[in-house]
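The working numbering numbers the first residue of the sequence shown as 6 and each following residue consecutively.
From the three backbone atoms N, C-alpha and C, an ideal C-beta is built for every residue, glycine too.
Take a look at the structure set out below.
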Amino acid sequence: MIKKSLLISWRGLSEVWHQKKLMVFLISYPLLFMLIFGSAFGGAGSPITVDVAMVMPEDGSTDIVMDMFIGVFDDMDGINLKTYSNTGESNLTQSSKLIEDEDVVMVIFLPDTFMNYDGSKVEIEVYYDEAADQSELSIGTGIASGVIEEFSSNMFEQSLAVIEESGMLSAEDVQIIESISSPIEAEFVAVSPDEERDLKYIDFLVPGLVAMSMLWTGVTGASTSLVEDRVKGVRRRILSTPAPRSSIILGDMLSQLAIVSLQIFILLLVARYIYGLNIVGSYMLTALIIMIGSLSMIGIGILISNFAKTAEEASQMGLLINFPMMFLAGIFFPLSAGWMQSISKLFPLTYINDALRGVMIRGYGISEVSTELIVSIGFAALVLGLGIVMLNRSEAA
């Protein structure tokens, strides 16, 4: 039985091999997505750099505190600082010109001094380009607000220390003032699945691309291939051979599984050696999840082939299933809590994607993705079993 299944599987692979255009598509498909998404989202881990303009005081003079403030921004990763003289125009007018002419995302106007001895607050005006790329804008405003807040806090602590040393306030008074000025203190600690390395966006992206390859090639590839065999009479000729039906179906599944595996192998190879992908968890467990996920998608394809009369119909039915599943399974974008997240639990790709991300990014073991594996295996068994039964009945009719 195994030998006959392998022969039938080889027939399917040979047929694909002789269709040169199809072969080019199958190989270029994962490569294209990998290159597009990897390059677009900084696959090599290069940070987004935001152009920021800093306008000096009108008289052009600075003090030691102001120089420190400028230095903090100048040394900040992700910020490309450009300094400009104050033209004397309104801040809004000058910032508009700088945003338009110098292509900066944000403009910071420095005050005349950072050391006000009259007790008044130092005010810093920050203007930003509302039409800028949202990722750049988010990074720029986040860094600016963080630096200003931290700098302000440091200035307060230093001023308070000077006052305490002068004897104007007791230690108890200083403690009360500190507790009032900063009633809540939070410490932000970045938690990485692997302390030896920094996660890059490509590490989050690749599991989604792998899931997408399973989805499109498994569902569409299996359904159109089976329908084409039926339409061309290939299926009838194979059924006339002594090979049992189980061997024929197993052979078809193996050939589709081999094609999906080849695509994913190419995708992972490119991600690893061009964009520096690191898989934290077990390679064997990753391969197992990919195999289970691929079989689930192939099972859906077999089901579709029972209802489609032509390859075009099978392709259209596949699209109706693939597009909702691709977006609602959260393979690229996390779904916020609500009805969409509830619906996503109905799709097998959700569990496959969660298991892949858990193993590849967080280094989860089999026990930690056991729920996802059980659901995926159960779904694969259900759709494959149902699809095979329906296929046998249609062929016997």
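Collapsed DSSP secondary structure at residue i in the structure displayed
{"i": "residue 280", "result": "coil"}
{"i": "residue 315", "result": "coil"}
{"i": "residue 351", "result": "coil"}
{"i": "residue 239", "result": "helix"}
{"i": "residue 91", "result": "coil"}
{"i": "residue 86", "result": "strand"}
{"i": "residue 55", "result": "strand"}
{"i": "residue 374", "result": "coil"}
{"i": "residue 176", "result": "helix"}
{"i": "residue 205", "result": "coil"}
{"i": "residue 75", "result": "helix"}
{"i": "residue 287", "result": "coil"}
{"i": "residue 270", "result": "helix"}
{"i": "residue 215", "result": "helix"}
{"i": "residue 141", "result": "helix"}
{"i": "residue 109", "result": "coil"}
{"i": "residue 65", "result": "coil"}
{"i": "residue 50", "result": "Residue placement at residue 50 is poorly supported in this model, since its pLDDT is 46, which falls under 50; the coordinates still yield a value, given next. It is coil, neither helix nor strand."}
{"i": "residue 166", "result": "helix"}
{"i": "residue 119", "result": "coil"}
{"i": "residue 330", "result": "helix"}
{"i": "residue 200", "result": "In this prediction, residue 200 has a pLDDT of 43, which is less than 50 and means its spatial position is unreliable; nothing more can be read from the coordinates."}
{"i": "residue 335", "result": "coil"}
{"i": "residue 415", "result": "Outside the shown range of the chain, which is 6 to 402, sits residue 415, and nothing can be said about it."}
{"i": "residue 81", "result": "coil"}
{"i": "residue 388", "result": "helix"}
Residue i - partner residues in DSSP beta bridges
{"i": "residue 114", "result": "60, 130"}
{"i": "residue 159", "result": "Partner(s): none; residue 159 has no beta bridge."}
Euclidean distance between Cα positions of residue i and residue j
{"i": "residue 292", "j": "residue 213", "result": "15 Å"}
{"i": "residue 219", "j": "residue 295", "result": "8 Å"}
{"i": "residue 131", "j": "residue 271", "result": "47 Å"}
{"i": "residue 145", "j": "residue 281", "result": "26 Å"}
{"i": "residue 405", "j": "residue 110", "result": "Residue coverage of the chain in this structure runs from 6 to 402, which leaves residue 405 outside it and unanswerable."}
{"i": "residue 265", "j": "residue 238", "result": "25 Å"}
{"i": "residue 199", "j": "residue 353", "result": "Any reading at residue 199 must be qualified, since the residue scores a pLDDT of 48, below 50, and its modelled position is unreliable; no value is offered."}
{"i": "residue 3", "j": "residue 359", "result": "Since the displayed the chain opens at 6 and closes at 402, residue 3 lies outside it and no answer follows."}
{"i": "residue 51", "j": "residue 267", "result": "Confidence at residue 51 is low in this model, with a pLDDT of 47, below 50, so the placement of that residue is unreliable and no value is reported for it."}
{"i": "residue 126", "j": "residue 160", "result": "12 Å"}
{"i": "residue 101", "j": "residue 61", "result": "16 Å"}
{"i": "residue 69", "j": "residue 157", "result": "15 Å"}
{"i": "residue 103", "j": "residue 155", "result": "26 Å"}
{"i": "residue 89", "j": "residue 107", "result": "11 Å"}
{"i": "residue 298", "j": "residue 113", "result": "51 Å"}
{"i": "residue 333", "j": "residue 221", "result": "15 Å"}
{"i": "residue 286", "j": "residue 278", "result": "18 Å"}
{"i": "residue 71", "j": "residue 377", "result": "55 Å"}
{"i": "residue 404", "j": "residue 368", "result": "The first residue shown for the chain is 6 and the last is 402, placing residue 404 beyond what the model contains."}
{"i": "residue 379", "j": "residue 262", "result": "20 Å"}
{"i": "residue 137", "j": "residue 346", "result": "30 Å"}
{"i": "residue 389", "j": "residue 371", "result": "23 Å"}
{"i": "residue 66", "j": "residue 80", "result": "21 Å"}
{"i": "residue 5", "j": "residue 275", "result": "No answer is possible for residue 5: the residues shown for the chain start at 6 and end at 402."}
Contact belief for residue i with residue j at Cβ below 8 Å, rounded distance in angstroms
{"i": "residue 148", "j": "residue 83", "result": "6 Å"}
{"i": "residue 326", "j": "residue 305", "result": "6 Å"}
{"i": "residue 115", "j": "residue 59", "result": "7 Å"}
{"i": "residue 331", "j": "residue 217", "result": "6 Å"}
{"i": "residue 391", "j": "residue 259", "result": "About 19 Å separates the two Cβ atoms, so there is no contact after all."}
{"i": "residue 208", "j": "residue 283", "result": "6 Å"}
{"i": "residue 119", "j": "residue 78", "result": "Contact doesn't hold; Cβ gap of about 14 Å is too wide."}
Cβ-heavy atom distance, residue i to the ligand MN, below 6 Å
{"i": "residue 105", "result": "What this structure holds is no ligand at all, so the ligand MN is not there to describe."}
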